[in-house]
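Structure, as structure tokens:
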Amino acid sequence: MIAVSCLIGFSVSESVSAQILAQETPSEGTEVPEDDPSDPSNLRPLTQADSLLSLQGGEKLMNEAGEAINQENYDLAVTKLQQARKVFNQLSNFYLQLANSFSGIDTEVYDSQRDSALKTGQMRDAATYQLALVHRAQDQPELAVPLLVQIIRSQNPTTDLGKKSYQQLYELGFVDVPFADEAQATSSN
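For the sequence shown, the residue numbers in the working numbering are 1 to 189.
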């Protein structure tokens, strides 16, 4: 009985291996890059658009939030933007942790993960800014202020998003001095 089970298991295993090999082998003349997310045989789960823990998943949430904003469904927009912030924040933290793990070991992996952390961090800050604007539209400035301060800390006050965030704080009356960075101050004199 055990020998038959082993033989059947081995036979099934060979059959599955042959099927996988057949799927992995591209037909002649149809070279598809290995990492092409549009390739249906690319079964890497985090490259799929419906994966929440992916750049595509976060972007999908941002798009859904944009549609909700256009329809003035601010409650749904808040939910989608909070989810997008969470996804981008997790991704940024994971990429940064990986980058730090490879620091001094493999510079290519380190640079790639560091770039991914930066990109997803910027996406998180864009989602945060949109969320702050939605809170303003809902007449909830007390919810917008901490988000705008987070963006300035993350981005730096001299970046485009940092300047916009500070301007929002100024318009809300949270700060009383307008910000003009060195480049603006020099060009206006």
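Note that beta-carbon positions come from the ideal geometry of N, C-alpha and C, so glycine has one too.
- Kindly indicate which three-state DSSP category residue 88 falls into: helix, strand or coil? Indexing the sequence shown from 1 puts residue 88 at position 88. Here residue 88 sits in helix by DSSP.
- Span separating the alpha-carbon of residue 158 from that of residue 152: Here the question's residue 158 lines up with position 158 in the sequence shown. Here the question's residue 152 lines up with position 152 in the sequence shown. So the two alpha carbons sit approximately 9 Å from each other.
- Message: Please state whether the Cβ-Cβ distance between residue 88 and residue 58 is less than 7 Å.
- Response: Taking the first residue of the sequence shown as 1, we reach residue 88 at position 88. Taking the first residue of the sequence shown as 1, we reach residue 58 at position 58. Contact flag set, yes.
- Item | Exposure label - residue 107; buried when at least 16 CB within 10 Å | Within the sequence shown, residue 107 is the residue found at index 107, counting from 1. Residue 107 comes out exposed.
- Task: State the DSSP-derived secondary structure class of residue 176, mapped to helix, strand or coil.
- Result: Working through the sequence shown from its first residue, we reach residue 176 at position 176. Three-state DSSP puts residue 176 in coil, outside helix and strand.
- Item | 7 Å CB neighbourhood of residue 174 in its chain, flanking five on each side removed | Working through the sequence shown from its first residue, we reach residue 174 at position 174. Hits under 7 Å: 145.
- Message: Is the separation between the beta-carbon of residue 124 and that of residue 92 shorter than 7 Å?
- Response: By one-based count along the sequence shown, residue 124 stands at place 124. By one-based count along the sequence shown, residue 92 stands at place 92. Going by C-beta atoms, residue 124 is nearer than 7 Å to residue 92.
- Query: Which residue comes first and which comes last in the alpha helix (DSSP H) that contains residue 112?
  - Reply: For the purposes of this step, residue 112 is taken as residue 112 along the sequence shown, with counting starting at 1. 107 to 137 is the span of the alpha helix (DSSP H), which, as asked, contains residue 112.
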